[in-house]
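K.L.:
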Amino acid sequence: MSIAKTKPTMLVLSVLAFVLYLNPAAAQTDTVAKSDDSEQVSVEAWHEVYDSIADTFVVQQHSSATREFNSQVEILTRKTMSSVSTQVMRMRQGRVYIWTDKGLPIALGSVKSVLNPGEPVTRTVFYEFHSLSQGGVLAARDGNVFWHCEKPGIKWLTGIEESKPSTSPTARLTQMKFIARSLTCTNIGESVSHPKLVEGTSRLLPTPLYRYPAETPDVLDGAIFAFAKGTDPDLFLLIEARSDAWHLAFARSNTRRLLIKKGEELLWTFDEARNLNDIGREPFYLKWIAEVRLNDNPETVLFQARLRTLE
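The number in our numbering is simply the position in the sequence shown, starting from 1, with 1268 added.
(1) Measure the C-alpha to C-alpha separation of Asn1455 and Arg1471 and round it to an integer number of angstroms.
(2) What residue from Ile1507, Lys1419, Leu1527, Val1311 has the CA that sits closest to Thr1452's CA?
(3) Could you check how far apart the C-beta atoms of Thr1426 and Ala1513 are, in whole angstroms? I think they sit under 8 angstroms.
(4) Can at least three beta-carbon pairs, one atom from the region 1388-1395 and one from the region 1418-1437, be found at a separation below 8 angstroms?
(5) Output the boundary residues of the beta strand (DSSP E) element that contains Leu1503.
(6) At the level of alpha carbons, what is the spacing between Val1560 and Leu1383?
(7) Quick check on the DSSP output: the beta strand (DSSP E) that includes Val1364 runs from which residue to which?
(8) Would a C-beta distance cut-off of 7 angstroms place Arg1440 and Asp1486 closer than the cut-off?
(9) In the DSSP output, which residue or residues are listed as bridge partners for Pro1416?
(10) Tell me which residue opens and which closes the alpha helix (DSSP H) that Leu1441 is part of.
(11) With a 10 Å radius around its C-beta and 16 neighbouring C-beta atoms as the bar for buried, classify Leu1290 as buried or exposed.
(12) Taking just the CA atoms, how far does Lys1530 sit from His1315?
(13) DSSP state of Tyr1480, grouped into three classes?
(14) With a CB to CB cut of under 7 angstroms and the five nearest residues on each side skipped, what residues in its chain are close to Ala1517?
(15) For Ser1450, which residues in the same chain have their Cβ closer than 6 angstroms to its Cβ, ignoring the five residues on either side in sequence?
(16) Between which two residues does the beta strand (DSSP E) containing Pro1388 stretch?
(17) Out of Pro1476, Pro1551, His1515, which one is the CA nearest neighbour of Ser1431?
(18) With the cut-off set at 7 angstroms, would you say Thr1348 and Tyr1365 are in Cβ contact?
(19) Report the rounded CA-to-CA distance for Thr1323 versus Ala1558, giving the unit in angstroms.
(20) Expressed to the nearest angstrom, what Euclidean distance is found between the alpha-carbon atoms of Ala1407 and Asn1522?
(21) In whole angstroms, give me the CA-to-CA distance for Ser1401 and Arg1358.
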């Protein structure tokens, strides 16, 4: 009996060994699937962390020079525009947000993280904001204001596009995509891996990150596009249709020098941003090394910087 049972068992094992010989990847299927599931859980866990951090920020329009949070002023509505995940730039991840007033964009922001090169089991979390307001805008945390830009955050450019906005919302979206594709964004700065000036071109993401609601006041239509590395924005392009003309504006999400062109015509330049950490009075705000968390357990906070508040 034992010999009769052994022969089929050996035959099964032999067939299995032959299959794995022909297709060794089959042996790794379960392992890869488990690894992919684990990675997905990790990304989702980090998204929850980014959103929870964004929930602690209170953003409002505020033109007062006192730089004080006013609980009587309306708090702007936050919306997640996109998620960031790229294998380059130290495995950068994050979420990009927009704060609006009745659909009109007032501020952009993001919470992102990168792997620490000297300690890859941890991630450094950093925050960014950019004002889109023509007046004052501020951000507070726990009632303390850490960013207050009183100057216009962007400058609107007109006369760049000769076509008139269509009466059809679908056609206007096609027009805005055409306008966006006519522009290029070049970034110049130091490379992380090579300490020398390098030049690169950011890719236009094919669909807008944000489309103005139909009921947005004083604007016929509008959208926000992004020029990015992978899915990480370097530059935001705002396009608005007002009356019978197109208006364009730009907001940065990169500290390098940015050149925006239409063909050979230079439309706008952002100089390299230096010494931005803790400076909270300019249109672009960056808090680098805001937090350090465990990569595989993002809820574990190893370090949290105290945001410098404005007096």
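Beta carbons are placed, not taken as given, at the ideal position from N, Cα and C, and that holds for glycine.
All of these numbers come straight from a predicted model, not from anything done at the bench.
P.N.:
Considering the structure as presented:
(1) Distance between the alpha carbons of Asn1455 and Arg1471: 11 angstroms.
(2) Nearest neighbour of Thr1452 by Cα position, chosen from Ile1507, Lys1419, Leu1527, Val1311, turns out to be Leu1527.
(3) A Cβ-Cβ distance of about 6 angstroms is found for the pair Thr1426 and Ala1513, placing them in contact under the 8 angstroms criterion.
(4) The region 1388-1395, when compared against the region 1418-1437, does not touch it at the 8 angstroms Cβ threshold.
(5) Taken as a continuous stretch (DSSP letters only), the beta strand (DSSP E) holding Leu1503 covers 1500-1510.
(6) About 10 angstroms.
(7) Taken as a continuous stretch (DSSP letters only), the beta strand (DSSP E) holding Val1364 covers 1361-1369.
(8) Cβ atoms of Arg1440 and Asp1486: not closer than 7 angstroms.
(9) It is His, not Pro, that sits at residue 1416 in the sequence shown. Bridge pairing for His1416: Leu1406 [DSSP].
(10) For Leu1441, the uninterrupted alpha helix (DSSP H) run begins and ends at 1437-1449, by DSSP.
(11) Because the pLDDT at Leu1290 is just 36, under 50, the model does not fix this residue reliably, and the point stays unresolved.
(12) Answer to the nearest angstrom: the Cα atoms are 35 angstroms apart.
(13) Reduced to three states, the DSSP call for Tyr1480 is coil.
(14) Ile1422, Lys1423, Trp1424, Leu1425, Leu1506, listed in sequence order.
(15) Counting only Cβ-Cβ distances below 6 angstroms, and skipping sequence neighbours, we find Lys1530.
(16) From DSSP, the beta strand (DSSP E) with Pro1388 extends over 1387-1399.
(17) Of the candidates Pro1476, Pro1551, His1515, the residue whose Cα lies closest to the Cα of Ser1431 is His1515.
(18) In contact: Thr1348 and Tyr1365 (Cβ atoms closer than 7 angstroms).
(19) What sits at residue 1323 in the sequence shown is Asp, not Thr. Straight-line Cα distance between these residues: approximately 15 angstroms.
(20) The alpha-carbon atoms of Ala1407 and Asn1522 are separated by roughly 20 angstroms.
(21) Going by the C-alpha atoms only, they are around 32 angstroms apart.
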